[in-house]
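Just below is one structure, and these are the notes that go with it.
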Amino acid sequence: MVVEPGGMAFVYMLRCSDGSLYVGSTRDLERRLYEHQIGRGAAYTRLRRPVELVWCEEHEHVGAAFAREKQVQGWSRAKRLALIEQQYGELPGLSRKRR
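Written out as structure tokens, the structure is:
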């Protein structure tokens, strides 16, 4: 995804038809969700439609949204599910152990 500087942006998570979770970011959430639904979104979601928006977060700057996208992409499934369910107190305990 090409990221332009400045402007409001969103990080979002989709639940795909196979139960997997996809994390992305965009400046236009409504348009991006439509693209995912019609198969013009990411290659990952193209074969896993329909998709459902299960979480989103707004950021003031595109750079902040992109950084948050990369952070959440690195999380375990359990930690992503806790985020979706707004179980914020659980998040630190679900961090992956570093070796």
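Here the sequence shown is numbered in UniProt numbering, starting from 1 and rising by one per residue.
The beta-carbon is built from N, C-alpha and C at its ideal position, and this holds for glycine as well.
Bear in mind that the values here come from a model prediction, so they are computed numbers and not experimental data.
Three-way DSSP call (helix, strand, coil) for Ala9 in this model: The DSSP-derived three-state label of Ala9 is strand.
C-alpha distance - Gly63 paired with Asp18, whole-angstrom precision: Between Gly63 and Asp18, the C-alpha separation is close to 30 angstroms.
Which of helix, strand or coil DSSP assigns to Val3: Only weak support is given to the placement of Val3: the predicted model assigns it a pLDDT of 44, under 50, and the question is left unresolved by the model.
Contacting residues, own chain, Cβ-Cβ under 8 angstroms from Arg49 (five flanking each side not counted): Correct list, in chain order: Cys16, Ser17, His36, Gln37 and Gly39.
Burial state of Tyr12, where buried means 16 or more other Cβ atoms lie within 10 Å: Tyr12 is buried by the Cβ-count criterion.
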